[in-house]
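A short worksheet on the structure shown next.
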Amino acid sequence: MSQALRDNAAYHSRLISTISELDYVPSALKLQTSYVDDLQTRLEESQALLRKLSEATKKERKEHESLRDSTTRRLAHKLTGRKDQFQAMATKEEREYVEALEKEYAERDTYNLLVTMNEEAKREKADLADKAIRYEALKKELSDLYMLVFDGPTEEYPEDDRLEYQVQSTQALHEQIQDTLNAECRACEILAHADRTMNDCEAQVKEALAHSQRDMWGGSRLNTVWDRNALSLAQALARQADSLCQQARNVSPFVELIGPLKIAQGSLVRDIFFSPDVISETEYHNKIASTASDLQQAHDRLRAERDAAQRRANNAGNQLIEVADALETERLALASYRREILLGISREEDHPSSPDQPPGYYAASAQLEASAATEAPPPQEPAELPNPVITSPQPTSSTSSSPSRWGSRNPYAANLAIRSLLPS
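Our numbering puts the last residue of the sequence shown at 458; the count rises by one with no breaks.
Written as structure tokens, this is what we have:
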């Protein structure tokens, strides 16, 4: 039996090591499941809205084409001297059709983005689910290894109870820090995506501003089409950035929203068929310039939120290193203590003491511990470790807080952190 226990020592060490490597999985899977559920809800809402907008577009197109192709109504208005009224009605129907079409296209872009994000999130969830199955299986193997001797409180060995409680206490803190690290890394990754979306949004507004500048000095109708199209694209991108910021806030309550983002809009139909004067073009140009300024301020706030999330993640990562090291040390101490007890029992069984001989070392140790347990008060539970500080962390240097330092303790969060560092 003693030899069997020695043979299992290496197996036991491998179990402990592998379990430590997968400690991040339960927390990561919990966060990823919540993230997928949130994306699925948003996807269903976007799909319902898209159907509604598609029906509205069909209705507006039908009304627009009906009025446009109605020769009888056109002739009747002309004969009765109401040609201008008919033209105004036609322009109104065309404008409503174009606006409905723009809304549908903008929501379709949002829907396609959510589909892509949802598919990627589901793949990550499936990978974590496989690792979670392995993690639970390994924990069961470890539990089975101790089942016979260490199942429940061990009054004969109070030191075992103390060490086990210490491991459980540190494990709870470890899971709490993992939750924080996962949440902040996911929020940072989403905000980085929103940052790239805002870059595209600002680029469209700058393009519209340039075309509007030429319109002020008698530019062609093509310039009008270009600046209105750029603003329409900017509005769709602004909605996506707003949606991403809301997703980040759902993941981490520390994230502050930057919206809603509003983009100056004009009437494409009116501005093409009824050329505006210089004054109205100047006013519209000023609105676009104001939009560009507002977007820049919102973008600055977004980047500040992204950087704050990154600091919170790095702060949690640094804490994770300390707590993970403590947890590993305490697990090894508990495992070593239990292994010594098992080996001691094995030796006593292999070499039992005669009535005329003093008990062996391990038997004597067990007797002393049992005696101490009956005479002394029960061991005091160790004081709880301090909760992790996750609010308003101080900036740290890149060398001390880089994901490369704590990434081995949580590959899931490290991957999110690396993705958030991709160039804008």
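Glycine included, every Cβ here is placed at the ideal spot set by N, Cα and C. Given the structure is predicted, the values throughout are model-derived calculations rather than measurements.
- Distance, VAL149 Cα to SER47 Cα: 43 Å
- Task: Please name the residue, chosen from HIS245, GLU290, ASP229, that lies closest to ALA275 on a Cα-to-Cα basis.
- Result: ASP229
- Message: Output needed for THR52: all residues of its chain with C-beta closer than 8 Å, excluding positions within five of it in sequence on either side, in chain order.
- Response: LEU172
- Message: What does the alpha-carbon distance come out to for the pair LYS96 and THR75?
- Response: 32 Å
- Cβ contact (3+ pairs, closer than 8 Å) linking the stretch 133–149 and the stretch 82–96: yes
- Task: May I have the straight-line CA-CA distance separating ASP72 from SER246, to the nearest angstrom?
- Result: 40 Å
- Query: Beta carbon of CYS222, beta carbon of ALA62: below 8 Å?
  - Reply: no
- Message: Taking a contact to mean a Cβ-Cβ separation below 8 Å, would you say THR67 touches LYS159 in this structure?
- Response: yes
- So, is GLN330 buried or exposed, given that buried needs 16 or more other C-beta atoms within 10 angstroms? exposed
- Query: Relative to the C-alpha of LEU291, which residue among SER266, ARG335, GLU317, ASP213 is closest?
  - Reply: ARG335
- Task: Assuming GLU198 contacts LEU49 (C-beta within less than 8 Å), just tell me the rounded distance between them.
- Result: The Cβ separation is near 16 Å, so there is no contact.
- According to DSSP, is GLU190 helix, strand or coil? coil
- Task: Mark ASN233 as exposed unless 16 or more other C-beta atoms lie within 10 angstroms of its C-beta, in which case mark it buried.
- Result: exposed
- Task: Kindly list the residues whose CB is nearer than 8 Å to the CB of ASN146, restricted to its own chain and excluding five residues on each side of it in sequence; keep chain order.
- Result: none
- Query: Which whole-angstrom value is the C-beta distance of VAL357 and LEU207, which I expect to be below 8 Å?
  - Reply: 6 Å
- Query: Touching or not, the stretch 234–245 and the stretch 279–291, by the rule of three or more beta carbon pairs under 8 Å?
  - Reply: no
- Task: Compare the C-alpha of ASP57 against each of ASN152, TYR169, GLN353 and name the closest.
- Result: TYR169
- Keeping to the same chain, check which residues put their C-beta closer than 8 Å to that of LEU225; ignore five residues upstream and five downstream. LEU278, CYS279, ALA282, VAL289, LEU336, GLU339, ARG340, ALA343, SER454
- Message: Looking at ALA90: is its Cβ nearer than 8 Å to the Cβ of ALA134?
- Response: yes
- LEU87, DSSP secondary structure in three states: helix
- If you count every other CB in all the chains shown that lies within 10 Å of the CB of ASP178, and 16 or more means buried, which is it? exposed
- Where LEU455 sits in the DSSP three-state scheme: coil
- Query: Is the Cβ-Cβ distance between LEU295 and ALA270 less than 8 Å?
  - Reply: no
- Message: Does ARG290 come out as helix, strand or coil in the three-state DSSP assignment?
- Response: The amino acid occupying residue 290 in the given sequence is Glu; Arg does not appear at that position. The answer is coil: DSSP assigns GLU290 none of H, G, I, E or B.
- Query: By how many angstroms is the C-alpha of HIS333 removed from the C-alpha of LEU265?
  - Reply: 17 Å
- Query: From this set, ASN352, LEU366, ALA242, which residue's C-alpha is nearest HIS319's C-alpha?
  - Reply: ALA242
- Query: In this structure, does DSSP put ALA343 in helix, strand or coil?
  - Reply: helix
- Can you give me the Cβ contacts of SER324 inside the same chain, cut-off strictly under 8 Å, excluding the 5 residues immediately before and after it? ALA298
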